[in-house]
Amino acid sequence: MERHGSEMNNTIEKLIKYHELTKEEYVELLESSDKAGIVNCLAKEAVKLRMKYYGKKVYTRGLIEFTNYCKNDCYYCGIRRSNRHADRYRLTKEEILECCRNGYKLGFRTFVLQGGEDPWYTDEKIVDIICSIKQEYPDCALTLSIGEKSFESYRKYKEAGADRYLLRHETACESHYKMLHPKEMSLKERKACLYNLKELGYQVGAGFMVGSPKQTLSDIADDLIFLKELNPQMVGIGPFIPHSDTIFASEEAGNLNLTLFLLSIIRIILPKVLLPATTALGTIDPKGREKGLSVGANVVMPNLSPLTNRKKYDLYDNKICTGEEAAECISCLAKRVESIGYELVNERGDALY
Ligand code: 5AD
Ligand code: FES
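In terms of my numbering, the sequence shown is residues 6 to 358.
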């Protein structure tokens, strides 16, 4: 191991021992994302923890992107409501069930229903979809990722059988949140949703984009502090990638190495967390997902959406896996996962806490 300053050594030791740092210490650590000795040391520790709890298993979640209509207008997102160029689609319940059928045959035991915030899918419709999926596949976990809803709506979905919910907090810094979202959206509301979901007994996933416009290392330190406090079962992080039809079209994409460094740090902060190597990570680097798995991630989320809609769920430019059938995606991923000595598994993969 390369020699770091003794203060940095103390910080690293503290992180490994106590799984938590102060804001100042996080910022200082994040400033070292270009120091190979430090990065490798934390990656090694992250892999050790991941091995201890999950072994060489990489969990799969079948992603079904069922609507790209969205009533929100997040500045970074390609399916924001004011993007007139977006080619909108909605899947019917039958089409969604068909994706599940296809996915089940391929071995998936977790389905993730993801969509923009689309009021066309009333609570009644969502509940009906959840019930139908759970009836046909009682052995599968069902994850929702459909944005901010009332406590009451979340309660109904839970009662209908939803097990998990993904809602990235996007950034835990109030002023930065304002730079990424129009004024009708608030970090307070976002956080309240996450705590409501926890209270209702969902396995919860939070997360943020790395390198979103105007993000500072202090903002990322806030994200890490918030994640430790929330203690979610899953954390989704990926690099920000500009979308040509948004006001952030000419902003720089997030940095690969910083994203990988953060995956290791998050694995150490929350040792048992389910941590996906995201599609965005695979988009900024051809080996991005393999690299993510090699530094602490343990989940991949292949796309089960119908091929005809794939390209339309266009959150950012050059998104990968939009031309492949689900079966091709899974065999490609299995090969990638095996190439780095891990094993792709289909089991439900519930969180360990
Ligand atoms: N680049 C990277 N990730 C994005 N997301 C939305 N837009 C972008 C973008 N331009 C992420 C958000 C959202 C998730 C579904 O996709 O974090 O929560
Ligand atoms: Fe749809 Fe942000 S644009 S939730």
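Ideal Cβ positions, reconstructed from N, Cα and C, are used throughout, including at glycine. Quantities reported herein were computed from a predicted structural model and do not represent experimental measurements.
Exercise. Going by the beta-carbon positions, is the gap between G166 and I135 smaller than 9 Å?
Worked result: Looking up residue 166 in the sequence shown gives position 161. Looking up residue 135 in the sequence shown gives position 130. Note that the C-beta distance between G166 and I135 is below 9 Å.
Exercise. Do you know whose CA, among L34, C145, P247 and G10, lies nearest K4's CA?
Worked result: The structure shown does not extend to residue 4, since the chain is modelled only from 6 through 358, so no value can be given for it.
Problem set entry | Residues of its chain near T17, where Cβ-Cβ distance is below 8 Å and the 5 sequence neighbours each way are ignored | One-based indexing of the sequence shown puts residue 17 at position 12. According to the sequence displayed, residue 17 carries Ile and not Thr. Closer than 8 Å at Cβ, skipping near neighbours: H9, L34, I43, C46 and L47.
Exercise. Where does M56 sit, in a helix, a strand or coil, going by DSSP?
Worked result: Residue 56 sits at position 51 when you count from the first residue of the sequence shown. If DSSP states are grouped into helix, strand and coil, M56 belongs with the helices.
Exercise. When you compare each of R294, Q220, L279 and L357 to R341 by their alpha carbons, which one comes out closest?
Worked result: Here the question's residue 341 lines up with position 336 in the sequence shown. Considering only alpha carbons, the answer is R294.
For this session: Return the CA-CA distance between M6 and G120, expressed in angstroms with no decimal places.
Result: Indexing the sequence shown from 1 puts residue 6 at position 1. Indexing the sequence shown from 1 puts residue 120 at position 115. Confidence at M6 is low in this model, with a pLDDT of 48, below 50, so its placement is unreliable and the value that follows should be read with caution. M6 and G120: Cα-Cα distance of roughly 44 Å.
Exercise. Is T148 helix, strand or coil when you go by DSSP?
Worked result: Translated into the one-based positions of the sequence shown, residue 148 becomes position 143. It is a strand residue.
Exercise. Where DSSP assigns a beta bridge to Q119, which residues make up the other side?
Worked result: Start at 1 with the first residue of the sequence shown, and residue 119 comes out as number 114. According to DSSP, Q119 bridges with E70 and S150.
For this session: Consult DSSP for K316 and reduce its assignment to one of helix, strand or coil.
Result: Residue mapping note: residue 316 aligns to position 311 of the sequence shown, counting from 1. In the three-state reduction of the DSSP assignment, K316 falls in the coil class, being assigned neither a helical nor a strand state.
Exercise. Does DSSP put I84 in a helix, a strand or coil?
Worked result: Position 79 of the sequence shown, counted from the first residue, corresponds to residue 84. If DSSP states are grouped into helix, strand and coil, I84 belongs with coil.
Exercise. Is any heavy atom of ligand 1 found at a distance shorter than 8 Å from the C-beta of I69?
Worked result: Walking along the sequence shown from the start, residue 69 turns up at place 64. No.
Exercise. What is the residue span of the beta strand (DSSP E) that A211 lies within?
Worked result: If you number the sequence shown from 1, residue 211 lands on position 206. Start and end: Q208 to V215.
For this session: Can you grab the Cα-Cα spacing for the pair R353 / K110, in whole Å?
Result: By one-based count along the sequence shown, residue 353 stands at place 348. By one-based count along the sequence shown, residue 110 stands at place 105. The straight-line gap from Cα to Cα measures roughly 15 Å.
For this session: Could you tell me if the beta carbon of Y74 falls within a distance shorter than 8 Å of some heavy atom in ligand 1?
Result: Counted from its first residue, the sequence shown places residue 74 at position 69. Incorrect: Y74 has no Cβ contact closer than 8 Å to ligand 1.
For this session: State the Cα-Cα distance for the pair A400 and L118, rounded to the nearest angstrom.
Result: Any question about residue 400 goes unanswered here, given that the chain covers just 6 to 358.
For this session: Answer yes or no: the CB of G354 versus the heavy atoms of ligand 2, is any distance below 8 Å?
Result: As a position in the sequence shown, residue 354 is number 349, starting the count at 1. Incorrect: G354 has no Cβ contact closer than 8 Å to ligand 2.
For this session: Would you list the residues whose beta-carbon is nearer than 6 Å to any heavy atom of ligand 4, in the order they occur in the chain?
Result: Absent from the structure shown: ligand 4. Ligands present: ligand 1 and ligand 2.
Problem set entry | Cross-strand partners of R95 (DSSP beta bridge) | Within the sequence shown, residue 95 is the residue found at index 90, counting from 1. Answer is T72.
For this session: Could you please give the first and the last residue of the uninterrupted beta strand (DSSP E) stretch that includes V350?
Result: Locating residue 350 in the sequence shown gives position 345, where the first residue counts as 1. Counting along the chain, the beta strand (DSSP E) containing V350 begins and ends at E348 to V350.
Exercise. Is any beta-carbon of chain C found at less than 9 Å from that of S299?
Worked result: No chain C appears in this structure, which consists of one protein chain only.
For this session: Confirm, please, whether the CB-CB distance from N308 to E103 is below 9 Å.
Result: As a first step, residue 103 must be located in the sequence shown, where it is residue number 98. As a first step, residue 308 must be located in the sequence shown, where it is residue number 303. Taking 9 Å as the Cβ cut-off, E103 and N308 do not qualify as a contacting pair.
Exercise. Where does Y126 sit, in a helix, a strand or coil, going by DSSP?
Worked result: In the sequence shown, counting from the first residue as 1, residue 126 sits at position 121. Here Y126 sits in coil by DSSP.
Exercise. What did DSSP end up calling Y200 once you bin it into helix, strand or coil?
Worked result: Locating residue 200 in the sequence shown gives position 195, counting from the first residue. Note: Y200 maps to helix in three-state DSSP.
Problem set entry | Through-space distance from Q140 to N260, alpha-carbon basis | Indexing the sequence shown from 1 puts residue 260 at position 255. Indexing the sequence shown from 1 puts residue 140 at position 135. Their Cα atoms are separated by approximately 43 Å.
For this session: Alpha carbon to alpha carbon, how far is S137 from Y23? Give it in angstroms, no decimals.
Result: Position 18 of the sequence shown, counting from 1, holds the residue named residue 23. Position 132 of the sequence shown, counting from 1, holds the residue named residue 137. Cα-Cα distance, rounded: 44 Å.
Exercise. Which class does M6 belong to by DSSP, given the choice of helix, strand or coil?
Worked result: Position 1 of the sequence shown holds residue 6. Below a pLDDT of 50, predicted positions are generally treated as unreliable, and M6, at 48, falls in that range; the measurement from the model is reported next regardless. Under the three-state reduction of DSSP output, M6 falls in the coil class, being neither helix nor strand.
For this session: Taking only the alpha-carbon atoms, compute the straight-line gap between D133 and H181 and give it to the nearest angstrom.
Result: The residue labelled residue 133 in the question sits at position 128 within the sequence shown. The residue labelled residue 181 in the question sits at position 176 within the sequence shown. The alpha-carbon of D133 is positioned some 37 Å away from that of H181.
Exercise. If you run the structure through DSSP and keep just helix, strand and coil, what is V300?
Worked result: In the sequence shown, residue 300 corresponds to position 295, counting from 1. Coil, per DSSP.
For this session: In the DSSP assignment, find the unbroken beta strand (DSSP E) run with G287 in it and report its ends.
Result: Here the question's residue 287 lines up with position 282 in the sequence shown. Careful: G287 lies outside any beta strand (DSSP E), inside the alpha helix (DSSP H) at T284 to I289.
Exercise. Exposed or buried, what is I316 when buried is set at 16 or more other beta-carbons lying within 10 Å of its beta-carbon?
Worked result: Residue 316 sits at position 311 when you count from the first residue of the sequence shown. In the sequence on display, residue 316 carries Lys and not Ile. K316 comes out exposed.
For this session: Spatial neighbours of T176 within its chain, please: CB distance less than 8 Å, with the 5 preceding and 5 following residues excluded, ordered by chain position.
Result: Taking the first residue of the sequence shown as 1, we reach residue 176 at position 171. Correct list, in chain order: Y182, L185, L192, F213, M214, S217, Q220, D224, D227 and D228.
For this session: Could you name the residues of the same chain whose beta carbon sits closer than 7 Å to that of E100, not counting the 5 residues immediately before and after it, in chain order?
Result: As a working mapping, residue 100 is identified with position 95 in the sequence shown. Take E100, set aside five residues on each side of it, and the residues of its chain with a beta-carbon closer than 7 Å to its own are P311, in chain order.
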